[in-house]
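Quick note on numbering: my numbering labels position 617 of the sequence shown as 1672, and the sequence is numbered without any gaps. Here's the structure we're looking at; comments come further down.
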Amino acid sequence: MTAETDLQQETRGFETEAKQLLKLMIHSLYSNKEVFLRELISNASDAADKLRFEALSNADLLEDGSEPKVIVDFDKDAGTVIISDNGIGMSRDDVISNLGTIARSGTAQFLESLSGDQKKDSQLIGQFGVGFYSAFIVADKVEVLTRKAGSNTNEATLWTSTGESDYTLATSEKAERGTTITLHLREDCNEFADGFRLKQIVKKYADHIAIPVLMPKAPELDEEGNEKEAEKEFEPVNDAKALWTRPRTDVSEEEYQEFYKHIAHDFEKPLSWSHNKVEGKLEYTSLLYLPAKAPYDLWNRDGARGLKLYVQRVFIMDQAEQFLPLYLRFIKGVVDSNDISLNVSREILQKDPAVDSMRSALTKRALDMLSKLKSKDAEAYAGFWKEFGQVLKEGPGEDFSNREAIAKLLMFNSTHADSTGQDQSLEDYVTRMKPEQEKIYYLVAESEKAAKNSPHLEIFRKKGIEVLLLSDRIDDWLMSHLHEFDGKSLQDITRGELDLGKLDDTEEDKAEQEEREKALQPLLERVSKSLGDRIKETRISHRLTDSPACLALSEDDMGAQMRRIMEASGQPVPETKPVFELNGEHPLIEKLDKEADEERFDDLISLLFDQASLADGNELEDPARFSRQLNKLLLELAQ
């Protein structure tokens, strides 16, 4: 690369995260080194798309009017590979921002996840997606000469780095807009300074790119077999037709997979995809993908997300979030419309009725894609659920019209899953319901262990009734919006007075229970007086078979999980008090009923209440009091 570089030259250090990633690159964590070319061509294609969009409002950016293209060249003697584009290019500030740092949320979490195992760490890098940094897989020195479209020819920037602690920047000159990247190959990577090898890689990874990728024509030979001296000519080596515009029957599985890697900058294959063309009142083409791994910024609800939007094959924006609801933010893909104005902005999109219609249809298509994966490949769907399940649980509260479809996709742990080890769907649960069972029962707890060991399950285990066990942070919120499924209401077993309907005891058993409750009424009043304003009321429990006591919620009270979320976000939380339920058949309750020492009675009741609170996964209101009363009891027993 020749350029004047004596103006405004400076040396800068990489950000810490970039240094660590570059170190991993240089030590060749990728077994498939050829992906560097895919990443760099993909970036060049994005630069061309951005130029075309900016040129809609500023035609001067096209300068000489040349059509977008990518050139892949090489020099076998010098051991270099050169990738050039005539796209949007970068200013000096853009170079510092894009090549000196990694401006992506989740970087710190990514680095914390590194294990030191090369195979595992390479998968993590693929999940993170590093783009330009993949150049250092094959190169020990990288030069980037770039000029932003619309700037003067002497306002180019030359960026140079060996991938170690720093890089240099210099003001330079460049006649054409765009970016030229020169890779000085490592000795063990000289195989890439070969036209046939590079052409193979381009055909494999970039055949679907909508702009031509040019490479040198094979030189002509004279009669003696020597290369004729002539000016180097270039020819396109890719199909250069947008993949989503081709009929589905003409696109191979490998091409779909490579196109996903191109638009998502992901190294993993997608789990599934849906390619669809709509004609009629609205005309658009969509290609939606379901990733295999969650990105590190998945939980940043304000982060960049959405589909790539094209209008009549012209790129408009990279992350158009208007076409899918927030709970489907993990879906990647492309939508190309004939019914939206080319001069569109995010604000205009929000007011366009065509967008609303497309959003509704694309949402249904995405849910249908998930439904087909669930029915055809349970193992793949289990992998999806592990990565994205908690995000999908946001759906019932955000998308009322598709609530039933989303509910069919949800998976839960359950008391039945104890034997299978697999999460269960609501449809699975319904098929196993007892003939007399009218409701779907569930339990929300702080953790999976707390749910499995909850005393609220005792009567259900005794009667063999399956209960869904919910322990994700979002579950309490989810169930506040999901009230029924398949015509059956969902019942929280910790709320209200338990009524099992036709599954309950016989009339004789009920009559016996009523007699026992009447006999224990003085004890209930005594307990309520002892606990005072710590509880709403005391009653005899119909849930317990083994435990002496438990805490229940009133029907309209906020769950403990939701309370914690609101408290953590600084929102005001309404004051609620639990219902204290006693197991009238438990020996400890029978002894308490006979306890004459009021002070000892108060201590025992307080301990019993705190014990029930701990069983629910709650923090104690007064741990010191609990310890003091427990020690006092132990001391009495030791005498």
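Ideal Cβ placement from N, Cα and C applies to all residues, glycine included.
Alpha helix (DSSP H) segment containing residue i, residue limits
{"i": "P1678", "result": "1678–1693"}
{"i": "A1099", "result": "1090–1110"}
{"i": "T1208", "result": "Looking at the DSSP string, T1208 is not in any alpha helix (DSSP H), and its letter there is neither H nor E."}
{"i": "I1644", "result": "1642–1649"}
{"i": "M1424", "result": "1408–1431"}
{"i": "S1583", "result": "1576–1586"}
{"i": "D1483", "result": "1481–1486"}
{"i": "D1657", "result": "1653–1670"}
{"i": "L1276", "result": "Element bounds for L1276: n/a, residue is neither H nor E."}
{"i": "L1253", "result": "1250–1260"}
{"i": "F1515", "result": "1513–1518"}
{"i": "P1451", "result": "1450–1453"}
{"i": "K1504", "result": "1503–1507"}
Nearest-angstrom Cα separation, counted from residue j out to residue i
{"i": "L1586", "j": "D1648", "result": "15 Å"}
{"i": "Y1260", "j": "F1129", "result": "18 Å"}
{"i": "E1059", "j": "D1115", "result": "The predicted model places E1059 with a pLDDT of 42, which falls under 50 and marks its position as unreliable, so this point remains unresolved."}
{"i": "I1595", "j": "I1461", "result": "38 Å"}
{"i": "E1313", "j": "L1238", "result": "23 Å"}
{"i": "Y1697", "j": "V1390", "result": "Shown here, the chain extends from 1056 to 1694; a query on residue 1697 therefore has no answer."}
{"i": "G1068", "j": "D1221", "result": "4 Å"}
{"i": "A1230", "j": "D1104", "result": "21 Å"}
{"i": "R1303", "j": "W1328", "result": "11 Å"}
{"i": "G1233", "j": "V1268", "result": "15 Å"}
{"i": "A1506", "j": "L1512", "result": "9 Å"}
{"i": "L1608", "j": "G1551", "result": "6 Å"}
{"i": "G1450", "j": "R1458", "result": "7 Å"}
{"i": "K1283", "j": "F1251", "result": "19 Å"}
{"i": "L1326", "j": "S1341", "result": "17 Å"}
{"i": "F1656", "j": "E1645", "result": "12 Å"}
DSSP-derived helix/strand/coil call for residue i
{"i": "R1550", "result": "strand"}
{"i": "V1125", "result": "strand"}
{"i": "T1600", "result": "coil"}
{"i": "T1470", "result": "coil"}
{"i": "S1152", "result": "helix"}
{"i": "E1286", "result": "coil"}
{"i": "R1618", "result": "helix"}
{"i": "H1725", "result": "A query on residue 1725 cannot be resolved here, the shown segment of the chain reaching from 1056 to 1694 and no further."}
{"i": "F1635", "result": "strand"}
{"i": "R1571", "result": "helix"}
{"i": "A1375", "result": "strand"}
{"i": "N1331", "result": "strand"}
{"i": "Y1497", "result": "strand"}
{"i": "D1321", "result": "coil"}
{"i": "K1441", "result": "helix"}
{"i": "S1456", "result": "helix"}
Unbroken beta strand (DSSP E) run spanning residue i, endpoints
{"i": "M1270", "result": "1268–1271"}
{"i": "K1363", "result": "1362–1366"}
{"i": "D1391", "result": "1387–1392"}
{"i": "L1343", "result": "1339–1345"}
{"i": "R1594", "result": "1592–1595"}
Residue i - partner residues in DSSP beta bridges
{"i": "F1187", "result": "Its beta-bridge partners do not exist; DSSP assigns none."}
{"i": "G1233", "result": "R1202"}
{"i": "D1530", "result": "Bridge partners of D1530: none, in fact."}
{"i": "V1628", "result": "According to DSSP, V1628 bridges with nothing at all."}
{"i": "H1239", "result": "T1135, K1196"}
{"i": "E1065", "result": "L1224"}
{"i": "P1011", "result": "There is no way to answer for residue 1011, as the model of the chain reaches only from 1056 to 1694."}
{"i": "A1607", "result": "V1634"}
{"i": "W1214", "result": "V1199, L1224"}
{"i": "F1370", "result": "Y1365"}
{"i": "L1465", "result": "Partner(s): none; L1465 has no beta bridge."}
Burial state of residue i (16 or more Cβ within 10 Å)
{"i": "D1677", "result": "exposed"}
{"i": "V1582", "result": "buried"}
{"i": "N1374", "result": "Going by the sequence as given, residue 1374 is Gln instead of Asn. Q1374 should be labelled exposed."}
{"i": "L1179", "result": "At L1179 the pLDDT is 48, less than 50, meaning the model places this residue with poor confidence; the figure from the coordinates comes in the next sentence. With 16 or more other Cβ atoms within 10 Å, it is buried."}
{"i": "R1147", "result": "buried"}
{"i": "T1066", "result": "exposed"}
{"i": "V1125", "result": "buried"}
{"i": "H1330", "result": "buried"}
{"i": "E1094", "result": "buried"}
{"i": "L1690", "result": "exposed"}
{"i": "Q1576", "result": "exposed"}
{"i": "L1669", "result": "exposed"}
{"i": "V1366", "result": "buried"}
{"i": "G1556", "result": "exposed"}
Contact with chain E by residue i, beta-carbon distance below 8 Å
{"i": "L1337", "result": "Absent from the structure: chain E. Only one protein chain is present."}
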